[in-house]
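Colleague:
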Amino acid sequence: MRKVLLSLASVLCAFYANALEITIDNQTDATVVMAFSYLHNKENDWVVDGWYNVMPKQKAKVELDSKNDIYYLYSEFSNGKKLEGGKGAVDLKVKDRSFFYKQKQIPDDVDRKVSFLRARGNDGHALIRIK
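Taken in order, the sequence shown gives residues -19 to -1, 1 to 112; the numbers are from mature numbering (1 follows the signal peptide of the UniProt record, and there is no 0).
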């Protein structure tokens, strides 16, 4: 029985080691929508992926299929504010509905350019606290 549990634990650790788990703690009174860019495991390329919604005063977890702790994010709030840009930022395109594409293969319907800020996780985990 012990060998089975150890094997199961090893499999689970290997699975989670291949994902970047981001906890989003939205402490504001506004809904936030987020888009991410990250090095995708299966695509073996940088992708742009959105939208992830977090309601006011709520927490959410997002698992990105990436072993890389470096990622980029862009956020819009229901009150009109944005979280974008800064040192190391990259300009990428988004659209109003859900999207997923490789950075080098931008679909025609993805037409709005925004500035994604650079962020970093730690051993497959990241916390974004929005105040």
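Heads up, the beta-carbon is just placed ideally off N, CA and C, and yes, glycines get one too. All of these numbers come straight from a predicted model, not from anything done at the bench.
Only counting runs of 3 or more residues, tell me where the beta strand (DSSP E) segments fall wholly within the region 24 to 91, in order along the chain.
Modeller: Here the runs fully enclosed are 26 to 35, 39 to 45, 51 to 58, 71 to 75 and 80 to 83.
Colleague: Compute the Euclidean distance between the alpha carbons of residue 49 and residue 56, then round it to the nearest angstrom.
Modeller: Their backbone Cα atoms lie some 20 Å apart in a straight line.
Colleague: Does the beta-carbon distance from residue 107 to residue 20 come in below 8 Å?
Modeller: Not in contact: residue 107 and residue 20 (Cβ atoms no closer than 8 Å).
Colleague: Using only the alpha-carbon positions, how far apart do residue 103 and residue 74 sit?
Modeller: Cα to Cα, the separation comes out at about 27 Å.
Colleague: Is there contact between the region 85 to 104 and the region 34 to 44, where contact requires at least three CB pairs shorter than 8 Å?
Modeller: The region 85 to 104, when compared against the region 34 to 44, does not touch it at the 8 Å Cβ threshold.
Colleague: From residue 52 to residue 63, what does the alpha carbon distance come to, in whole angstroms?
Modeller: Distance between the alpha carbons of residue 52 and residue 63: 17 Å.
Colleague: Please tell me whether residue 34 and residue 9 are closer than 8 Å, where the distance is taken between their beta carbons.
Modeller: Cβ atoms of residue 34 and residue 9: not closer than 8 Å.
Colleague: Can you check which of these residues, 47, 100 and 60, is closest to residue 24 by C-alpha distance?
Modeller: Considering only alpha carbons, the answer is 47.
Colleague: Compute the distance between the beta-carbons of residue 69 and residue 99, then report whether it is under 8 Å.
Modeller: It is a contact, given that the beta carbons lie within the stated cut-off.
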